[in-house]
Every structure is written in structure tokens, then in C-alpha cells.
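Participant:
4 protein chains.
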Amino acid sequence: MEKLRISLIGAGRVGKVHALSLKNNIPEAELVAVVDKDEEAAKRLAKEFELKMYFKDYREALNWGKFDAIIITTPTFTHKAIAVDAARVKKHIFCEKPMALNLKEADSMIQEAKGTKVKLQVGFMRRFDRGFLAAKEKVKEGSMGEPLLIKSIGRGPGLPPEWAWDIKKSSGMLAEVGSHDFDTLRWFAESEFDKIYAFAENYKCPQVKKKYLDFYDHAVVIARFQNGKLGMLDVGCPVGYGYDARMEVLGTEGVIFAGGIKDNQVTVCTKSSGAVSSIYNSWRDRFKDAYIDELRHFVGVIKRDEEPLVTGEDGKKVVEAVAAANKSIQIGQAVSLPL
Amino acid sequence: MEKLRISLIGAGRVGKVHALSLKNNIPEAELVAVVDKDEEAAKRLAKEFELKMYFKDYREALNWGKFDAIIITTPTFTHKAIAVDAARVKKHIFCEKPMALNLKEADSMIQEAKGTKVKLQVGFMRRFDRGFLAAKEKVKEGSMGEPLLIKSIGRGPGLPPEWAWDIKKSSGMLAEVGSHDFDTLRWFAESEFDKIYAFAENYKCPQVKKKYLDFYDHAVVIARFQNGKLGMLDVGCPVGYGYDARMEVLGTEGVIFAGGIKDNQVTVCTKSSGAVSSIYNSWRDRFKDAYIDELRHFVGVIKRDEEPLVTGEDGKKVVEAVAAANKSIQIGQAVSLPL
Amino acid sequence: MEKLRISLIGAGRVGKVHALSLKNNIPEAELVAVVDKDEEAAKRLAKEFELKMYFKDYREALNWGKFDAIIITTPTFTHKAIAVDAARVKKHIFCEKPMALNLKEADSMIQEAKGTKVKLQVGFMRRFDRGFLAAKEKVKEGSMGEPLLIKSIGRGPGLPPEWAWDIKKSSGMLAEVGSHDFDTLRWFAESEFDKIYAFAENYKCPQVKKKYLDFYDHAVVIARFQNGKLGMLDVGCPVGYGYDARMEVLGTEGVIFAGGIKDNQVTVCTKSSGAVSSIYNSWRDRFKDAYIDELRHFVGVIKRDEEPLVTGEDGKKVVEAVAAANKSIQIGQAVSLPL
Amino acid sequence: MEKLRISLIGAGRVGKVHALSLKNNIPEAELVAVVDKDEEAAKRLAKEFELKMYFKDYREALNWGKFDAIIITTPTFTHKAIAVDAARVKKHIFCEKPMALNLKEADSMIQEAKGTKVKLQVGFMRRFDRGFLAAKEKVKEGSMGEPLLIKSIGRGPGLPPEWAWDIKKSSGMLAEVGSHDFDTLRWFAESEFDKIYAFAENYKCPQVKKKYLDFYDHAVVIARFQNGKLGMLDVGCPVGYGYDARMEVLGTEGVIFAGGIKDNQVTVCTKSSGAVSSIYNSWRDRFKDAYIDELRHFVGVIKRDEEPLVTGEDGKKVVEAVAAANKSIQIGQAVSLPL
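Chains as they are written, first to last, in my numbering: chain G, 317 to 655; chain X, 317 to 655; chain F, 317 to 655; chain U, 317 to 655.
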């Protein structure tokens, strides 16, 4: 069978993760080109992965056109233009989270993809994590009854790049990190957000706040869904210890936990140290398989002409929830949805 | 040394726990009398513990007077009268949580106790749990930096007695169960609540709601402290699995966990079951030692004439937080403190 | 009801643990006297626990005689004489492990106790640990099928006192520490040892070996029971980290674990440390409740005139297993039992 | 760069695992042919993986010769002939464990590979497991002092195929399953076996024993190394619960654990079930990454012309240890090495 040809738009950290997945783990697809505004970065990645082509501007890549799909890993504020232009020339789209800056952008992307019948998948890789999937499966089996309260934690060790500090370009930490948590809540609640309330604080980055007044690095959120279920999430970035993605579902008959800070590899115990278990240092370690599986899924749905498990609509709902949470932080009151 | 003589006011579940602690684990004190409106219950407990006296009305016990201190385990709405009357005749007071129905009641209790110089300790036994204490110690040591976010969970397997279903008599589930969680947040934040927001739902007790319109059995709360720290808590009662009291402190350099659902006894693993660990079925198992230790502390502070670690002021601050959370649930908006 | 009066023979570490249990946790008994060859130690303990009497020689205590039972916590080589003399004057006997130096001594103790109808309980406190008991219960319930292989670990942080270094006075580390492990194997196998093979090494105490040629501080043992079940155990003392008592039962349908190195209190996680859980530092922490429960059981069986759960026969079988293991270490071959 | 071409000898379960690794995860190599005595099996696998060629006899494949290396996954008693013949025509060799039936066979394989300068790697995939590697790294760092005692557990859910029931064709369960455990002991002891003692029982397969008198399905082993370190291992197959590969290293300053029965995915807790964690069902799940990594290593060492981390010598030492353990089971006494 023909390999699916993919162009990568964005040669940064997560871009490289996807390039590695394609090279090492997804033989049914191949990376053929890379695009980055920083042409040197594009060139380096192209060399490292032995790609045919690299470009400075995504439009050049679209003009060249010898590929079937794109993976967008550029800053949030660029997603909409790239996705819409790609859809117009019938390239399938895998778009990193957060999908877009606002609902209007998200709508454009969804409509354009629908109009030209290209696949649009959003990068909520936690939906492909074996632990989260197992939790979802357990909920479906009904072993813990009906879910009532869904909790999610998203914390990472480092600050995102500077463009993400500007809430206008990125929707802030709740979008950059918390998008996953909002998606997890919604995935398990099987309902839409009805009301959201959030507190946020800037604990660690006083210098950033000088430049970006709205900046916060920690936030806590409670939510109510239309079907009456409750949600809680907290995000923090940077946190002092590592990468931490956990969830918990309280149901009528029990409780389910997925994810954890320990990486299950080794425990060392001495008198002075206590029992020390190794932890996840980055999202790369924590979601190693999930990143591969989401891309394998993307390649698969294109080949089989199916709908992806994580659609543009899913991405849009999270954009909306983030917007509501950011508004709640600003006005100090609960915000009702839909916006 | 003379044994400290104690009368127990309230012959219910937690009353019996305290009676057992006094009998089996606190040789420096002795239970001498029990009071319960249900005279048969008082009589039975008196017989079981070989007590000299039992009474139907706490005022009879105060009139008799041959003891040094009381333990109040009656319904919340009775605490204030008993405590105030006891203080007036110079009996030291150990009062179960929640301390009182409202701030005014709490103030009366505190003032009366101060006026007659009797000790007043509130039953926040989690402050005596070795895990929670170890967490507090770790925070003090600074090993995880400055605390930023404190999270607490309080869930129990069964409904409290009917009087507690009436939010006017008990302040509801956030008071009955959540008092511990509010206290834990405040204990670790080392600050007073500034703002509280809560959602609540009645998932499991539709029949109760018919009679008590304000009733809820699950609630989620986010809080901000005056020093800028954040808090999150959720309570649920009844939950389907067991007794669950956990906490987590996110600090600038790391994270601390105390408590857990597994009781650390035994794990059984078979193909059909997976790896099954035993869990805590009730607060009696979970806080067995903490219940003993808080009473030992109470006896000790009286004998050494010191201040208890958990004062009437601590109890009052939680009464206030609960009131704010209940108000938030009713008005659908955040509530600022002090009330 | 009259309190059971107990004399403590041996004012050392474990003696003090038992004295504390009696004082704080077993109101139905009271410590009335203490005996120690080191008269100052006896006097100190008597003062601390407000005891009526203290003696230098256990025979003086027996002559005085105003008590019902004794607790023997002296060095192993003294157990037999004390127990036999006590039985002759009808004092019930709680004897620390190992019960005796050899089978002949153990037989004398058992026979004398039987002859005068006094209770004889051996200090295998692991049989009273809630985790080990839960494991035994799970095995009985049959949830993991028929037990096939029983494994036990016994490790402690410190060296025992010098008399225990001399294998002739103590039967060595397999007796001092490993007695518990042999007993656990036998308890779960529900059969008698058929064949034992052991390796031992002296890794940490080269200086001790100069004086006591047979000394070893680590040993590994495999065993076969008469009913065909297998056993494995390892003991080490001193080990570098803490107190470690764990067991595992492999059954036809599954596996059971009891015990662990983590004390279930608190986990701290930072980037530099990883996830650090607190551990048990000593047998006092690890088996805090079990020490109380075994003594409560002893007091109870005397009062109710029942057989203790851990009899002199149980003690003797472990003495025999230890002797077989020591012989195996010496001759380098497997040793068949009974000896 | 040219892809390394590999032929697979043996189209069974582990053969398919390696074929999948090559297809999905090791782009720098490709499977070109498969051999199986069961020609249909070879054909099926060839079709599934779109291979150019399939053969019934490995000699046909060697005659064809258009490949660089072979992976041997056939029954143990065939390893030597295949490896020797392959080495003679200069094909690199990856050989599943156990390497050979006896020392003589292992020697032939090693010598032939040395003579023709082909790589010879033995399939001890645990050496590539991230947990075991992390444990080895921690030992090297010295954080727990000098290793004294190494323990390993190897248990699987199902019986191996019938040829493996005959101890003469397979060296029994200690070879089939326990080879990994012997290798782990030796890897961490960094010394050669000096003395081995073993007990074995047939608990679950009475019908097998009728045909194969020496058959056992559970075994326990203790070992001493030339450098004085001790080892313990137990193997069981089939066990009732899942796949279980764990290890523990006791060092002078602490203890290290690697591996576990829980797969770290999800925990479900209900009143009736307790806290249930998911477990590993098979070696495929447990060592998913390790199987890929060992093959990636094999491909890498060929391309870079280096020595593999797990050599024929390593394989041979385990063959010797297994032979010693089997002899010990038969004669009922300890066996000294080298044989």
C-alpha cells in the first residue's frame, strides 16, 4: 500500500516528536517536508530526517503540494490560517492543541475542512493514552456506576515559549496546558460545559507579568456540565518536579484513577532517602505511546476514510471552555456557556 | 497522678469511638458519665463501659459535676448551648466538628471558654493523623518549597443521620464532611479564606431533596486565601466505595501527598480480578490512631495547662468557610470573606 | 473485673515495648514488677512505669509471687530456665522469640507448661499484624486458590546485642530475625518443614567474625514442606535502609502480598528527589499494633482459659527449622527434618 | 543508508513479536524471509508481513542467502545447528533464550560465530527493559551501596508448547522461563555462579508428568556467586494471574526494586471490589519496549560493527546455571560450578 505523505508545519519540540513517530513507528506514512519560519530550523530537521523538502512559508509547501496531509505544530495564533489554506487544497489536517485562539477561528477551520471533505484531528493525545483509555473503558463497562465528578490535573516542568505568555496570542496557560484537562473532563462527562468558574495566580513568573498583565502560571477551575455532572481541574506550569497528568472519576458506585507521577520503572530505598520512585520528567516520556498512537490513528482514518476520534468540534469546545475560564478569571464570577 | 475525669455528651457513633479511646488507650483519663437524650442509649453505653453515671439531659450532668471535662458529640445545632453551659461551670470542652451552626454561636463558645479559662478543642482529627502531620512537617522543612495550591478530598460511605440532612440544623454536607477539608486547606495555607466558590449537586438522594430543598450530597469548591494561595476541595457522601480522605500540596519546588484509599494491608492478584488492594471502609479504620491522638492531646493540654493545637478559633474559621460555600451554592457566585 | 498482673523479665528494648503496651493499651492487665540482671535498668523501668517492685533475679520475683503471668524478653539462652521455673509456680508465660536455643529446651518448656496447666505463648507478633492476618484470611477464603510457594523477608536496621552474635547463645541471625520468617512460612504452608537448604554470608561485620567464627549477617533459605509446598526466605541485619518485613504467597490461582517498606504516610516529589515515600525505620513502627494485639491476646486467653494462637509447639518448630538451616550452612548440604 | 535484511527462523509467537518490531519500529532493518517447519505457518506470516520469501527448511533460506542476519525463535534443541550453519555463511545471529541445550552446544555456537566474525546476540530482553536498566544504573551510581543479594521472579500465565515439557529437549521450566532470572542475577552480581541449589515441584500439570517424568512447573533456587554475593529466584508457569517479572537488589546501603505486576494504567475502586489495578497479562505487554529495543540494539551493533550487550558467553553461562539447577533438583544437593 502506498505510504501516506505528510508535511510538518512547525519544526519545534512537538514537531520533532511527531517526526520521530513517523520515522520510527508508523511505517504506513512518511514525512516528506517540513516548514518553519525559522528556515535554519526547517533545514536542520529536514537533514536529520532525510526529508526531500523544507520551506520557510507553509504556503510554499502547499504550492509544491506533493503530500496528502499536514501536521500543524506552530503557535496557536497561526493555526487557523494554515488549516484553512490547507483544507482549500485538500490536505488532511492534524492540528496541535489548542486548536485556535477563539470560537470564530475554530468555526472557520471546521467549516473549511467539512467543505472540502478533509479530515481534521486535534492533538488531544491523552485520549490515546492507554491508562486514560482503560479508564474510559472501565466507565463504559459500568463497573463504577454513573460518573458524577471528573477531575484532571495538568502540570509541566517548563514555561512554554514567549509567544504563549501573551494571553492574546495563546489564550494563556489554561489553553496551552489546560486544553488537555478540559478535553478530558468533557470526554468523560459526555456532555457540554454549562458553567465554569476559575481562579488564577501568577506565582513564579513576576518578570513575565510586567510585560503581559494577564499572565498567570497556575489556575484552578470548577465546572458544571449540562447533564449535571461536575468537573474540577488544576494546571500549573512551570512546576518544580516534573510532568504530571492525572485524572480521577468519581462515580455512583466507585472511583477510577488514571495516570500518575511515578513512571513505574524503579524504586530505590535507603535510610537517608526513603523509598524513591522515578518520575516522569516530560510529556515526551509520559505520553510516548500516546503521541505515536494518535498519529497512527490520524494516518489510519485518512486511509480508511473515517472520522477521527478527536474532531474539530472537540477542539472547538475546549477553545470555548478556555475562553469561559479566562473570562471568569477576569470578571471574578462564574461564566455560563455556550458563550 | 490523678486521672482526668470526662463526661461524654452524646452516645452515638463517634461518641463510642471516643469512649473506646478513653478506655483502651488513654490511661491518664477516665470516662465517668455519659449523656444522651435517648436515655436507653446512654444507659447501654454506661453499662458497656462500666460508667458510674448516665443522664438524659446534659444539664443534669453539669449539676452533678464530678468531672473535669466534656466531650460533645451531639448534633451540631446543640453544640453552642452545651459548650456555653459547660464553660460556665468550668468544664473543659472537646467539641466535635462542625463546631457550631454559625459564626455567632462559635463566637459565644469561644468567648465563654476564654472568660472562664477552660480549654476548648475542636475535633479536627486529621490534624493528628500521622500522614497529614508528616506532610505538614515536610512543608515546614521546606523540601518542596512554598505551598501554592492545597487540595483536599472528603468522602464517606454512608449518609449522616437525618438531622444532618437539614441544612439549617447542620449546615449540610460541606459542614458535616467538608469541615475537615476546609480545616486542612487553612492549616496548610497558613492564611484566612479570602474568596470561595462552590457548586453542589444532589446525585444520590432524590427522596431527601423532597423534604429538604437545599440538600446536596456532592460539592466542589475552589478557594483563594488572603496570602494568594489557592485551595480546592470536593466532598461526597454517600460514595459507593469506602472512606476516602486524601490531600495534596503543590509547592514551588514539588508536590506532597498524604492519605490514600488503600489501607496498606494486603494485595491479592488473580487473572479475573487484577491486583486488588484492600481499602478503608470507614473513618474509624482510616483515622483510628488520629482519634486516639487528638483525645490524648486534649487530656494532655488540660493537665499541662496549655493551648490545644486546634482551637475554637480554628473551628470558627471553618464554620465561616462552610457558610460562604453554602451561600455561593445558593447565589451562584463567588463569596468574599470575612462574612 | 480484676486486672491480670504481669511481671516483665528483661528490661531491654522489647521489654519496654511490652511495658508501654500494657500501660497505654491493655487496661485489662497491669504491669506490677520488672526483673533485670542489670539492677539499674530494672529500677529505671520500674520508676518510669510506676511499678511496685523490681528485682535483679527472676527467682526473687517468683518467690515474691504476687502476679499471674510473666513476659520473658531476656536473651535466648536464659528462656528455658525462666519459663520452666515460672511454670512450676503456675505463672502464665509469654516468651519472646526465638523460644529456646534448641529442641530439648523447647520440649522442657512445653512439658512443664502443660504439666502445670499454664499458658505458653511465643512472641510471633507478625501473626497479629493486620496485613498478615488479612493475607491469611484471603488464603482461607480461597480467592487465590491453593498456596504453593510462600516467601518471607526479614530485615532490620541494626545489629542485635553482643550475646546474639554468638551462635551458641542465640542460634544466630536466622533465629534472632529469621524466626518470624520461618514461622510465617509454616503458618501459611499449614505443614511441617521437610527439607531446608541455606546459604549465609557475613557481609558487614568483619570484626564480629574474628570473635565469633560462625557469625553471619545475611542468609537465604529455601524449604520444602511435607505437603509439597515450597518456601523461600531471606534475612539481613543490619541492612542499610530500615525495617523490612514482607511476605508473598503464590497460589494456584493468584498471588497475595502483605507488608511493605513504605509506611503509607506521605509522598514528597521534587525534581531532584523523585517521588519519595516515607519508610518504616524500626520494628516498633512497623508492628506497633501487632505488639499490642499479641499481648492483648495473651491476656485474653488467660482470662478466658483458652489456648493461645501461637503455642510453644509453634515456637519449637521454628527452633527446629533454624537449627536445620544453621546445620545446612555448616555442612553445605540440604538438611531433612525432623532433626 | 541501506536497510539491514533479516530472515526469521521460526514463525511462532515470539517470532511474530520480532516481525512486528521490525515492521513497525525499526525502520533501519527489514524482514525479508521467514522459515518454519510448518510451511503453512511460514506462508501465513510471509503474507501478513508482505515478505518476499518463505521456506520450510532454514537451510533453503541459507542457500538463498539474500539477507544479512537471522533471528532464531525455534525450539531450543534446534538452536545450535541453525546458528552454526548460519555463522558458516556469515549471517549475524540473534538467538532466543535459552541459547542451547547444553554447554557443548553453546560452545560450538560461540566458536563458530567468533571464527566467522558474525555477531551473536542472545534474547535476554530484560536487559533492555527500562526499569531493569534504571535499576542497573542506580546500582552503578552507588546510591544503594554494594549489591549483596539479587532476587528475581519469573512467572507466566501459560504453559510453553509440548516440546518444552521434555526436559531433554528444553532443559525444562528453569531454562524456558528461568533463563531470564539467572541472567538477571548474573548481570547484577557481576560475577559467575559458584554454587546453586534448587527445589522443584509439579503442582499443576499431573498429566504432563505421566509422559515426562522430570517435568516440574515451579522451582525455587538459591545461588552463591564467586564474589560472595547471593542470589534467589523462583519461577512458575503456568501461574493463575498474569505475567510477573520483578527483581530486587539488596545492597549495603539500601534496596532497589524493578518491575511489578501492575501495569500502571488504571485503578478502579468500589466497595465490593476494593482498589483494583490492572496487571500485565503477558510478556508481550510487559516487555513491549524491551523486545523492540533489543532488536534495535542487534541491528545497531551489526551496522556499527560492535559487540552486542548480551553475548553468546552470557547465553552460555545461563545454560550452565540451568544445568546446575536441574542437576541439583535431581540429586537433592547443592551443585558447584563451573560444571
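We put the CB at the ideal spot given by N, CA and C, even for glycine.
(1) Alpha carbon to alpha carbon, what distance is there between G/V592 and G/V584?
(2) With a cut-off of 7 Å, does the C-beta of X/E457 fall near any C-beta of chain G?
(3) In chain U, what lies closer than 8 Å to X/S652 by C-beta?
(4) Quick check on F/E592 - is its C-beta less than 7 Å from some C-beta in chain G?
(5) Since G/Y528 sits in a beta bridge, which residues does DSSP pair it with?
(6) Closer than 7 Å by C-beta to U/M489: which residues in its own chain qualify, once you throw out the five before and the five after it? Chain order, please.
(7) Where do the ends of the alpha helix (DSSP H) carrying X/Y374 lie?
(8) Would you list the one or two residues that DSSP bridges to U/S323?
(9) So, does the stretch 402-411 of chain U touch the stretch 367-385 of chain U, judging by three or more C-beta pairs under 8 Å?
(10) Please state the DSSP three-state secondary structure of U/G461.
(11) According to DSSP, is G/Q581 part of a helix, a strand, or is it coil?
(12) For X/K467, list the residues DSSP reports as bridge partners.
(13) Considering just the uninterrupted stretch of the beta strand (DSSP E) at X/Q437, what are its terminal residues?
(14) With F/R540 as the anchor, note down where its beta strand (DSSP E) starts and where it stops.
(15) Roughly how many whole angstroms lie between the Cα atoms of X/E622 and X/D630?
(16) Output yes if chain X places a C-beta closer than 7 Å to the C-beta of U/I469; else output no.
(17) Run through DSSP, which three-state label would U/M662 get?
(18) Name the residues in the stretch 431-460 of chain G whose C-beta lies less than 7 Å from a C-beta of chain U; which are they?
(19) Let me see if you follow: with CB-CB separation under 7 Å, is X/E569 close to chain F or not?
(20) According to DSSP, what are the bridge partners of X/V651?
(21) Give me the chain B residues within the contact set of G/N341, using Cβ-Cβ distance strictly less than 8 Å, ordered along the chain.
(22) Run through DSSP, which three-state label would X/Y607 get?
(23) Drop a sphere of 10 angstroms on the beta-carbon of G/D354, count the other beta-carbons inside from all chains shown, and report buried for 16 or more, exposed for fewer.
(24) Within the 7 Å Cβ cut-off, does G/V350 reach chain U?
(25) Quick one, which of F/S337, F/L324, F/R360 and F/E508 has its alpha-carbon nearest F/V348's?
(26) In chain G, what lies closer than 7 Å to U/I618 by C-beta?
(27) Whether or not the stretch 505-515 of chain U and the stretch 623-642 of chain U are in contact is what I'm after, with contact meaning three or more pairs of Cβ atoms, one per stretch, closer than 8 Å; do they touch?
(28) Between X/K520 and chain U, is any beta-carbon pair separated by less than 7 Å?
(29) What residue range is occupied by the uninterrupted alpha helix (DSSP H) comprising X/A362?
(30) In this structure, how does DSSP classify F/T586 when only helix, strand and coil are distinguished?
(31) Measure the beta-carbon distance from X/T586 to F/E569 and round it to whole angstroms, keeping in mind my assumption that it falls under 8 Å.
(32) With three or more beta-carbon pairs closer than 8 Å as the criterion, would you say the stretch 646-653 of chain F touches the stretch 438-448 of chain F?
(33) Please report the distance separating the alpha-carbon of G/N597 from that of G/I469.
(34) Under the assumption that U/E557 contacts U/W599 (Cβ atoms under 8 Å), give the Cβ distance between them as a whole number of angstroms.
(35) Can you tell me whether DSSP reads X/I342 as helix, strand or coil?
(36) Scan the stretch 571-591 of chain G for residues whose Cβ lies nearer than 7 Å to a Cβ of chain F and list them as they occur along the chain.
Facilitator: Reading it off the structure:
(1) Counting from 1 along the first sequence, the entry for residue 584 of chain G is found at position 268. Counting from 1 along the first sequence, the entry for residue 592 of chain G is found at position 276. The straight-line gap separating the alpha-carbon atoms of G/V584 and G/V592 is approximately 5 Å.
(2) Counting from 1 along the second sequence, the entry for residue 457 of chain X is found at position 141. The C-beta of X/E457 comes no closer than 7 Å to any C-beta of chain G.
(3) Taking the second sequence and counting its residues from 1, one reaches residue 652 of chain X at position 336. Neighbourhood of X/S652 in chain U, by CB distance below 8 Å: empty, with the nearest CB roughly 37 Å away.
(4) Stepping through the third sequence from its first residue, residue 592 of chain F is reached at position 276. Just to set this straight, residue 592 of chain F is Val in the shown sequence, not Glu. F/V592 has a beta carbon lying within less than 7 Å of a beta carbon in chain G.
(5) Counted from its first residue, the first sequence places residue 528 of chain G at position 212. In the DSSP assignment, G/Y528 forms no beta bridge with any residue.
(6) Taking the fourth sequence and counting its residues from 1, one reaches residue 489 of chain U at position 173. Within the same chain, U/M489 has close Cβ partners Y532, D533, A535, V551 and C553.
(7) Looking up residue 374 of chain X in the second sequence gives position 58. Where X/Y374 is concerned, the enclosing alpha helix (DSSP H) starts and stops at Y374 to W380.
(8) Position 7 of the fourth sequence, counted from the start, is the residue given in the question as residue 323 of chain U. Partner(s): U/A349 and U/I386.
(9) Contact annotation: the stretch 402-411 of chain U touches the stretch 367-385 of chain U, with at least three C-beta pairs closer than 8 Å.
(10) By one-based count along the fourth sequence, residue 461 of chain U stands at place 145. Three-state DSSP puts U/G461 in coil, outside helix and strand.
(11) Counting from 1 along the first sequence, the entry for residue 581 of chain G is found at position 265. The DSSP-derived three-state label of G/Q581 is strand.
(12) On the second sequence, position 151 is the one that residue 467 of chain X refers to. Looking at the DSSP output, X/K467 bridges to X/M548 and X/E564.
(13) Within the second sequence, residue 437 of chain X is the residue found at index 121, counting from 1. Residue range L436 to V438 is occupied by the beta strand (DSSP E) that includes X/Q437.
(14) Taking the third sequence and counting its residues from 1, the one referred to as residue 540 of chain F is at position 224. Secondary structure note for F/R540: its beta strand (DSSP E) is the uninterrupted segment H534 to F541.
(15) To locate residue 622 of chain X, count along the second sequence from 1; it is residue 306. To locate residue 630 of chain X, count along the second sequence from 1; it is residue 314. Between X/E622 and X/D630, the C-alpha separation is close to 16 Å.
(16) Position 153 of the fourth sequence, counting from 1, holds the residue named residue 469 of chain U. It does not: the Cβ of U/I469 has no partner Cβ on chain X nearer than 7 Å.
(17) The structure shown does not extend to residue 662 of chain U, since chain U is modelled only from 317 to 655, so the question has no answer here.
(18) Hits within the stretch, in order: R446, G447, A450, A451, K454, S459 and M460.
(19) Translated into positions along the second sequence, residue 569 of chain X becomes position 253. Yes - at least one Cβ of chain F is within 7 Å of the one on X/E569.
(20) Here residue 651 of chain X is taken as the residue at index 335 of the second sequence, counted from 1. DSSP lists X/I512 as partners of X/V651.
(21) Checking the listed chains, one finds no chain B in this structure; the protein chains it contains are G, X, F and U.
(22) Residue 607 of chain X sits at position 291 when you count from the first residue of the second sequence. Note: X/Y607 maps to helix in three-state DSSP.
(23) For the purposes of this step, residue 354 of chain G is identified with residue 38 of the first sequence, where counting begins at 1. By the neighbour-count rule (16 or more Cβ atoms within 10 Å), G/D354 is not buried but exposed.
(24) Numbered from its first residue, the first sequence carries residue 350 of chain G at position 34. Answer no: the Cβ-Cβ gap between G/V350 and chain U never drops below 7 Å.
(25) The residue labelled residue 348 of chain F in the question sits at position 32 within the third sequence. That would be F/L324, whose Cα lies nearest to the Cα of F/V348.
(26) Within the fourth sequence, numbered from 1, the residue matching residue 618 of chain U stands at position 302. Listed along chain G is no residue with a C-beta nearer than 7 Å to that of U/I618; the closest approach is about 18 Å.
(27) Contact between the stretch 623-642 of chain U and the stretch 505-515 of chain U is present: 3 or more CB-CB pairs across the two stretches fall below 8 Å.
(28) Residue mapping note: residue 520 of chain X aligns to position 204 of the second sequence, counting from 1. X/K520 does not count as touching chain U.
(29) The residue given as residue 362 of chain X occupies position 46 in the second sequence. Its alpha helix (DSSP H) spans residues E355 to E364.
(30) The sequence position of residue 586 of chain F within the third sequence is 270, counting from 1. Strand, per DSSP.
(31) In the second sequence, the residue the question calls residue 586 of chain X occupies position 270. In the third sequence, the residue the question calls residue 569 of chain F occupies position 253. The distance from the Cβ of X/T586 to that of F/E569 is about 5 Å, consistent with a contact at the 8 Å cut-off.
(32) The stretch 646-653 of chain F vs the stretch 438-448 of chain F: no contact.
(33) By one-based count along the first sequence, residue 597 of chain G stands at place 281. By one-based count along the first sequence, residue 469 of chain G stands at place 153. Answer to the nearest angstrom: the Cα atoms are 15 Å apart.
(34) Position 241 of the fourth sequence holds residue 557 of chain U. Position 283 of the fourth sequence holds residue 599 of chain U. Contrary to the premise, residue 557 of chain U reads as Tyr rather than Glu in this sequence. The Cβ separation is near 14 Å, so there is no contact.
(35) For the purposes of this step, residue 342 of chain X is taken as residue 26 along the second sequence, with counting starting at 1. Residue state, collapsed to three classes: coil.
(36) Flagged, chain order: I577, K578, C585, T586, K587, S589, G590 and A591.
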